[in-house]
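Student: Provided herewith is a single structure, encoded as structure tokens, for subsequent inquiry.
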């Protein structure tokens, strides 16, 4: 079937379309009610169905005779470890860990936080929670104790699962002291912290609430999977919000499993038994959907990669992994390709590997520039698909559906709307704009299966963030336009969340940290363009009256403060000292103009500005800063 016909059916006959797709996974109770609404009039999919995501990822394939196939490939250049784990082996470990969680009092409906590096135990932890109906919330291991504490207080986990350390290119990061500090900072106190000792030399301070991972596994019986309702929350994944407090995106089970199975076939064209590699941390949405659940449900060997695209040991790492493990489909962020290109501009490392196994390269996280895309295809002549989705959607919204129809790729576009997503470009009044005109990217309700159910314990924020701006639509927070051929172009965020190397971070969070510096009177943090990471934060700071401080010292202290409170992932490197910030007469800081000044983009001075002369002052300060 061609894309146009298939897509039209998904929009015009959504219930029939998704009922057919739901039959592609195994249910313990097949849903009869395909599409309904909850008590707040928000769409629900398959509400009377019952299934289990851990069963679909592991047990189902064992029952079908594929238990000895490889499920997980752990490739860690930082520890020089490669291990292949079969479905049988993974299921045994997952079931024993699930039994261990049950022995600690974790029950269906409880929450569990997972704070781990990219190791197989992180995947086991996710699947063990799913097995017994506990809702997991994976927190990226690079986040600071303060960020972890915020999430502990929001989702109130009964247990935290962690490891002794993460490992960077040049150092160990001891996780246990960070977890202990977060436990001290948080008001909610989990009952236990389960610690997997990697035996790499990291400090593991013992606390009364600690449980050794290996001892827990050793003393536990294998727990069977339990059926859960389709609408049962599989996980909570936090994404930055413009208010400064992270939003806990809640994902259902049935709709999500259906959507992932659909996407593996029709978007990624991944055939069961092949190796699929999403080079993402499990702390992000890509890691959830396409390192863990998507590939495993589709019976693909998935790669858990603990390393970086460069310096582990060099810019050849990705090509080694693809060649050695016969990767057919890969998914990474444009940032990774840009980093490799910077280290190996002529693609010399690529020539050392046989990459004929690679069929398609997918990119997402932030927009891929044409130069990077051209560099890749020059050296590796396979289709490169720059597609678009969000933590909230859980799976792609705009792509070239490689398993359906491989229509031409247009640089700068993310492709065409994926089945189920009725994407419209709206003006400020919610009216659909003509072809070619830029506006707000919104998706007409109902969203397809697998997308967000709500914001955890915050219905008001869920509705205010996504549903109120344009009634009857989900508001993506991005701007964009469509061309005459139906291709969609995403032009960037329209709020104050910035995208740093595929990681959505809140400038409000960073402003709060910068403003906490004792010398700072007020500040603005904006996302500015960066060739490597897409966007990076740039702080402009006004000192308190009477404060005298060298700009170098101020910059150093603020960068360290952001690193401590938010984490190194924030990538703050620039702090500009200014006398005042441009504001409207009502006192709103004109952040969009500040972005334009730093990026060197033309802008129109708004009539509401309080004092136009301040823009010249900032331009002069910026010029001096760049020349220092």
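In the working numbering, the protein residues as written are 12 to 639. C-beta atoms are modelled at their ideal positions from N, C-alpha and C, and glycine is treated no differently.
1. Under 8 angstroms by Cβ, that's how I've got residue 306 and residue 56 pegged, so tell me the actual separation to the nearest angstrom.
2. Near residue 481, which residues of its chain fall below 8 angstroms by C-beta distance, leaving aside the five closest residues on each side in sequence?
3. Decide if residue 180 is buried, meaning its Cβ has at least 16 other Cβ atoms within 10 Å, or exposed.
4. With DSSP as the reference, identify every bridge partner of residue 288, one or two as the case may be.
5. Round the Cβ separation of residue 58 and residue 44 to the nearest angstrom and send it over; I've been treating them as touching at under 8 angstroms.
6. For residue 494 and residue 447, which I take to be in contact (beta-carbon distance under 8 angstroms), what is that distance rounded to the nearest angstrom?
7. Check whether the region 395-402 touches the region 416-435, taking contact to mean three or more Cβ pairs, one atom from each stretch, closer than 8 angstroms.
8. Hey, would you say residue 25 sits closer than 8 angstroms to residue 356, going by beta carbons?
9. Skipping 5 residues on each side, what residues in its chain have a beta carbon closer than 6 angstroms to that of residue 641?
10. What are the boundary residues of the alpha helix (DSSP H) that residue 474 is part of?
11. Does DSSP put residue 177 in a helix, a strand or coil?
12. Taking all protein chains shown into account, decide if residue 624 is buried (16 or more other Cβ within 10 angstroms of its Cβ) or exposed.
13. Alpha carbon to alpha carbon, how far is residue 528 from residue 3? Give it in angstroms, no decimals.
14. Rank 580, 567, 576 by C-alpha distance to the C-alpha of residue 588 and give the top, closest one.
15. Could you pull the start and end residues of the alpha helix (DSSP H) that residue 630 belongs to?
16. Please report the distance separating the alpha-carbon of residue 93 from that of residue 156.
17. Between residue 326 and residue 287, is the Cβ-Cβ spacing less than 8 angstroms?
18. Can we say the region 105-112 touches the region 219-239, given the rule of at least three CB pairs closer than 8 angstroms?
19. Would the region 408-422 and the region 545-559 be scored as touching if the rule is three or more Cβ pairs under 8 angstroms?
20. Pull up the DSSP beta-bridge partners for residue 203, would you.
21. Find the nearest neighbour of residue 85 within the set 487, 60, 289, 260, judged by alpha-carbon distance.
22. Could you pull the DSSP bridge partners for residue 399 from this structure?
23. In or out: residue 419 buried (at least 16 other Cβ within 10 Å) or exposed?
24. Closest to residue 264 by CA distance: which of 244, 272, 278 is it?
25. Could you give the first and the last residue of the continuous beta strand (DSSP E) run that contains residue 226?
26. DSSP puts residue 585 in a beta bridge; with which residues?
27. Near residue 594, which residues of its chain fall below 7 angstroms by C-beta distance, leaving aside the five closest residues on each side in sequence?
28. With distances taken from CA atoms, which of 580, 591, 637 is nearest residue 294?
29. Which residue comes first and which comes last in the beta strand (DSSP E) that contains residue 191?
30. Specify the secondary structure class of residue 452 as computed by DSSP and reduced to three states.
31. Within a Cβ cutoff of 8 angstroms, which residues of the same chain sit near residue 320, ignoring the five residues on either side of it in sequence?
32. Distance, Cα to Cα, residue 127 vs residue 133?
33. Is DSSP giving residue 528 helix, strand or coil here?
34. Look up residue 242 in the DSSP assignment and say whether it is helix, strand or coil.
35. Could you tell me which uninterrupted alpha helix (DSSP H) segments, each at least 4 residues in length, are contained entirely in the region 62-128, listed from first to last along the chain?
36. For residue 314 versus residue 303, is the C-beta spacing smaller than 8 angstroms?
Tutor: Let me spell this out:
1. Sequence index remark: in the chain shown, residue 306 carries index 295 (1-based). Sequence index remark: in the chain shown, residue 56 carries index 45 (1-based). At roughly 22 angstroms, the Cβ-Cβ gap does not stay under 8 angstroms, so residue 306 and residue 56 are not in contact.
2. Counting from 1 along the chain shown, the entry for residue 481 is found at position 470. Cβ within range, chain order: 437, 441, 451, 453.
3. Within the chain shown, the letter at position 169 stands for residue 180. Classification for residue 180: exposed.
4. Taking the chain shown and counting its residues from 1, the one referred to as residue 288 is at position 277. In DSSP, residue 288 forms a bridge with 341.
5. Position 47 of the chain shown, counted from the first residue, corresponds to residue 58. Position 33 of the chain shown, counted from the first residue, corresponds to residue 44. Indeed they touch by this definition, with Cβ atoms about 5 angstroms apart.
6. For this step, residue 494 is matched to residue 483 along the chain shown. For this step, residue 447 is matched to residue 436 along the chain shown. The pair is a contact, with the Cβ atoms about 7 angstroms apart (cut-off 8 angstroms).
7. yes
8. The sequence position of residue 25 within the chain shown is 14, counting from 1. The sequence position of residue 356 within the chain shown is 345, counting from 1. Against a cut-off of 8 angstroms, the Cβ pair of residue 356 and residue 25 comes out as no contact.
9. Because residue 641 is not part of the residues shown, which for the chain are 12 to 639, the question remains open.
10. Taking the chain shown and counting its residues from 1, one reaches residue 474 at position 463. 470-477 is the span of the alpha helix (DSSP H), which, as asked, contains residue 474.
11. Against the chain shown, residue 177 aligns to sequence position 166. In the structure shown, residue 177 sits in a strand (DSSP, three-state: E or B).
12. Locating residue 624 in the chain shown gives position 613, counting from the first residue. Per the 10 Å Cβ criterion, exposed.
13. The question about residue 3 has no answer here: the residues shown for the chain are numbered 12 through 639.
14. Taking the chain shown and counting its residues from 1, the one referred to as residue 588 is at position 577. Closest in alpha carbon position to residue 588, among 580, 567, 576, is 567.
15. Position 619 of the chain shown, counted from the first residue, corresponds to residue 630. First-last of the alpha helix (DSSP H) with residue 630: 624-638.
16. As a working mapping, residue 93 is identified with position 82 in the chain shown. As a working mapping, residue 156 is identified with position 145 in the chain shown. Distance between the alpha carbons of residue 93 and residue 156: 30 angstroms.
17. Position 315 of the chain shown holds residue 326. Position 276 of the chain shown holds residue 287. No; because the gap between Cβ atoms is not below 8 angstroms, this pair is not in contact.
18. Yes: the two stretches touch, three or more of their Cβ pairs being nearer than 8 angstroms.
19. Because the criterion of three Cβ pairs below 8 angstroms is not met, the region 408-422 and the region 545-559 do not touch.
20. Here residue 203 is taken as the residue at index 192 of the chain shown, counted from 1. 170.
21. To locate residue 85, count along the chain shown from 1; it is residue 74. Among 487, 60, 289, 260, the Cα nearest to that of residue 85 belongs to 289.
22. Within the chain shown, numbered from 1, the residue matching residue 399 stands at position 388. Beta-bridge partners of residue 399 (DSSP): 409.
23. In the chain shown, the residue the question calls residue 419 occupies position 408. Exposed, by the Cβ-count rule.
24. Position 253 of the chain shown holds residue 264. Nearest of 244, 272, 278 to residue 264, Cα basis: 244.
25. Numbered from its first residue, the chain shown carries residue 226 at position 215. It is not in any beta strand (DSSP E) - residue 226 instead sits in the alpha helix (DSSP H) that spans 224-229.
26. Indexing the chain shown from 1 puts residue 585 at position 574. Paired residues: 549.
27. The residue labelled residue 594 in the question sits at position 583 within the chain shown. Excluding sequence neighbours, residue 594 sits near 600, 601, 621.
28. In the chain shown, the residue the question calls residue 294 occupies position 283. Ranking 580, 591, 637 by Cα distance to residue 294 puts 580 first.
29. Here residue 191 refers to the residue found at position 180 of the chain shown. Counting along the chain, residue 191 falls outside any beta strand (DSSP E), though it belongs to the alpha helix (DSSP H) covering 186-196.
30. Taking the chain shown and counting its residues from 1, one reaches residue 452 at position 441. For residue 452, the secondary structure class from DSSP, reduced to helix, strand or coil, is strand.
31. Mapped onto the chain shown, residue 320 falls at position 309. Around residue 320: 290, 326, 328, 329, 343, 347, 348, 350, 351.
32. Counting from one through the chain shown, the residue named residue 127 turns up at place 116. Counting from one through the chain shown, the residue named residue 133 turns up at place 122. Those two C-alpha atoms are separated by around 6 angstroms.
33. Position 517 of the chain shown, counted from the start, is the residue given in the question as residue 528. If DSSP states are grouped into helix, strand and coil, residue 528 belongs with coil.
34. Counted from its first residue, the chain shown places residue 242 at position 231. DSSP places residue 242 in coil when its eight states are reduced to three.
35. 71-74, 98-114
36. For the purposes of this step, residue 314 is identified with residue 303 of the chain shown, where counting begins at 1. For the purposes of this step, residue 303 is identified with residue 292 of the chain shown, where counting begins at 1. No, the Cβ-Cβ distance between residue 314 and residue 303 is not below 8 angstroms.
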